[in-house]
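Some notes on the structure that comes next.
As structure tokens, this is what we get:
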């Protein structure tokens, strides 16, 4: 999902609608993966590496979405 989100940075600048839709969809799918994965794993008092990985992926996809919005605003 992260690769799909990052690929929107290479789309033509004219297609903001497609870039933002794909980035936002990738972000929502990644958040769903995180939710389902944490629900299926046993609860622990400490942070697991998979939690850190998913949070990193979600933050990076959010930054891709923000980057697309800033590029559209500057354009």
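In this note's numbering, the protein residues as written are 115 to 189. Even for Gly, the Cβ is constructed at its ideal location relative to N, Cα and C. Since the model is a prediction, treat every value here as computed from it, not as a measurement.
Would you decide whether residue 133 is buried or exposed? Buried here means 16 or more other CB atoms lie within 10 Å of its CB.
Burial state of residue 133 is buried, judged by a 10 Å Cβ sphere holding 16 or more other Cβ atoms.
Is it true that the CB of residue 175 sits closer than 8 angstroms to the CB of residue 116?
Yes. Within cutoff.
Residue 128, DSSP secondary structure in three states:
Looking at residue 128 - three-state DSSP - the assignment turns out to be coil, as it is neither helix nor strand.
Report the three-state DSSP secondary structure of residue 137 (helix, strand or coil).
Residue 137: helix per DSSP, three-state reduction.
So what does DSSP say about residue 160, is it helix, strand or coil?
Assigned with DSSP and collapsed to three states, residue 160 falls in coil, not helix or strand.
Can you say whether residue 204 is buried or exposed, counting buried as having 16 or more other CB atoms within 10 angstroms of its CB?
Beyond the ends of the chain as shown, which are 115 and 189, falls residue 204; an answer cannot be given.
Determine the direct distance from the alpha carbon of residue 129 to that of residue 165, and round the result to whole angstroms.
Those two C-alpha atoms are separated by around 33 angstroms.
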